[in-house]
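Chains as they are written, first to last, in the UniProt record's numbering: chain A, 1 to 152; chain B, 1 to 152.
No residue lacks a Cβ here, since even glycine has one placed at the ideal position from N, Cα and C.
Reading through the structure tokens given below for one structure.
Protein chains: 2
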Amino acid sequence: MTYTIKEVAAKTKLSIYTLRFYDKQGLLPFVARNSSGYRAFTDGDLNLLHTICCLKETGMKIKDIRQYIDYVMLGPASVVQRRELLENHRRAVVAQQAKIAESLAEIDYKLNIYTTPEAQKILAMEQAFAGAEKVANHLPNPYLSVQSGHSE
Amino acid sequence: MTYTIKEVAAKTKLSIYTLRFYDKQGLLPFVARNSSGYRAFTDGDLNLLHTICCLKETGMKIKDIRQYIDYVMLGPASVVQRRELLENHRRAVVAQQAKIAESLAEIDYKLNIYTTPEAQKILAMEQAFAGAEKVANHLPNPYLSVQSGHSE
DNA sequence: CTAAACCCTAGAGATAACTCTAGGGCAAGC
DNA sequence: GCTTGCCCTAGAGTTATCTCTAGGGTTTAG
């Protein structure tokens with residue numbers, strides 16, 4: 001049993017265009033062609049494609065994914081290189097996760113202010129402060145400093 | 001006290017080019033100019049720039065960051081819109097974190113195989129299986145199926 | 001045997017986010 | 001007052017990753 005490019009697109013949620021693009025970039029050297037020149041994906045191909053998606057999902061560049069696939073095509077002998085490549089990538093991903101978590105904590109801090117009942121008051125104070133800093137440095141104040149109009 | 005673009009670049013690890021690009025994209029409407037037309041960053045500006053970096057770090061598009069900054073420039077009245085924007089973004093980031101964690105788990109699974117003493121044997125079996133699948137479907141076998149040469 | 005729905009390639013176009021160049025003004029030290 | 005090292009803008013160029021178009025072959029159902 002093999003799959004057409006359309007079926008693979010449906011399974012992977014990559015577009016047909018993207019699959020062909022990946023092939024052009026050398027990411028799919030393992031996908032064979034049938035007698036009409038059509039790509040015929042096997043289940044084993046889908047496994048490897050899934051790995052490619054995991055690498056892409058975690059931010060690996062196509063050039064580096066190609067390097068990994070090249071190692072795979074070299075067979076079991078390349079296990080050391082594959083391992084080194086994935087370990088390096090793993091470190092990068094973990095570092096990236098940490099940075100994202102840090103930034104998310106700051107976003108949550110902002111959200112916390114926005115969610116508080118005194119949000120308007122706090123923001124007004126911050127804006128007044130930022131504006132005063134501009135004036136103290138002989139700079140135009142870019143904030144409109146609209147006072148909170150009361151109802152209507 | 002204000003900072004030149006060079007000093008800000010050093011502090012934020014954004015390049016001078018990127019800072020000017022962000023300004024061109026409307027991300028820095030709050031940065032004032034001195035009498036010579038030079039950008040003069042205040043500490044308050046650095047705070048906002050830091051928020052911009054958090055949003056970028058978590059994958060927000062420049063267009064959406066501009067929307068957020070536009071809300072900030074509108075003053076305290078825009079608290080509801082800011083909150084909604086950040087909450088939407090928060091959800092996207094958390095979802096993205098989950099996907100990355102999932103992909104990383106799969107990479108770790110691969111790494112685990114590569115690290116085991118029987119790695120070569122396992123990979124050889126996988127490759128033989130994938131090759132057999134090709135042959136069973138009347139397709140050329142793209143794997144070199146080089147046997148593990150023994151030492152030297 | 002033909003129309004519809006696939007498949008293919010080559011290559012142009014799109015999008016996002018920078019990155020750099022050209023040409024020119026300002027500021028501080030010798 | 002002139003060189004050096006900043007600063008500015010406008011706009012061209014780059015990189016990465018798709019996304020689509022044109023032109024053409026294949027397969028299948030009526």
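For residue 14 of chain B, there is no enclosing alpha helix (DSSP H), as DSSP marks it with neither H nor E. Annotation for residue 103 of chain A: the continuous alpha helix (DSSP H) segment containing it runs 79-115.
Distance from the CA of residue 120 of chain A to the CA of residue 5 of chain A, rounded to the nearest whole angstrom, comes to 54 Å. Rounded to whole angstroms, the gap between the alpha carbons of residue 33 of chain B and residue 89 of chain B is 31 Å. Its Cα nearest to that of residue 46 of chain A, the residue A/1 stands out among A/1, A/79, A/67. Boundaries of the alpha helix (DSSP H) around residue 44 of chain B: 43-57. Straight across, the Cα-Cα distance linking residue 60 of chain B with residue 98 of chain B is about 17 Å. Closest option to residue 138 of chain B, judged by alpha-carbon separation, among A/48, A/36, A/128, A/62: A/36. With a cut-off of 8 Å on Cβ pairs, the region 54-68 of chain A is in contact with the region 100-120 of chain B, counting three or more such pairs. Using beta-carbon distances, residue 9 of chain B does not count as an interface residue toward chain A, since no partner is under 8 Å. For residue 41 of chain B, not one C-beta of chain A is nearer than 8 Å to its own C-beta. Under the Cβ distance rule, residue 114 of chain A counts among the residues neighbouring chain B, one pair being separated by less than 8 Å.
When C-beta distances to chain A are compared with 9 Å, the residues of the region 50-68 of chain B below that value are 50, 51, 53, 54, 55, 56, 57, 58, 59, in chain order.
Of the residues assessed, residue 140 of chain B falls on the exposed side of the cut-off, its CB having fewer than 16 other CB atoms within 10 angstroms. Fewer than three Cβ pairs drawn from the region 128-137 of chain B and the region 103-110 of chain A lie within less than 8 Å of each other, which leaves the two stretches out of contact. Within chain A, the residues placing a beta-carbon under 7 Å from that of residue 79 of chain B are 114, 119, 120, 123, ordered along the chain. Within 10 angstroms of the beta-carbon of residue 117 of chain B lie fewer than 16 other beta-carbons, which makes it exposed. In this chain, the alpha helix (DSSP H) harbouring residue 123 of chain B covers 119-136. 8 Å or more divides the Cβ of residue 127 of chain B from the Cβ of residue 26 of chain A. Of all residues in the region 133-144 of chain B, only 133, 134, 137, 139, 140, 142, 143, 144 come within less than 7 Å of chain A when Cβ atoms are compared, listed by chain position. Of all alpha-carbon atoms in B/69, B/64, B/79, the one lying nearest the alpha-carbon of residue 49 of chain B is that of B/69.
Cα atoms of residue 125 of chain A and residue 22 of chain A: separation of roughly 52 Å, rounded to the nearest angstrom.
DSSP, reduced to helix, strand and coil, places residue 3 of chain B within a strand of the structure shown. For residue 72 of chain B, the enclosing alpha helix (DSSP H) has its first and last residue at 62-73. Short of 8 Å from the beta carbon of residue 85 of chain A, and not among the five residues preceding or following it, lie these beta carbons of its own chain, in chain order: 64, 67, 68, 71. Residue 20 of chain B has its alpha-carbon roughly 16 Å from the corresponding atom of residue 42 of chain B. Distance check between residue 24 of chain B and each of B/13, B/39, B/10 places B/39 closest, using alpha-carbon atoms only. Counting the other Cβ atoms within 10 Å of the Cβ of residue 51 of chain B gives 16 or more, which makes it buried. Straight-line spacing of the CA atoms in residue 13 of chain A and residue 3 of chain B works out to 47 Å. With at least 16 other beta carbons inside 10 angstroms of its own, residue 8 of chain A counts as buried.
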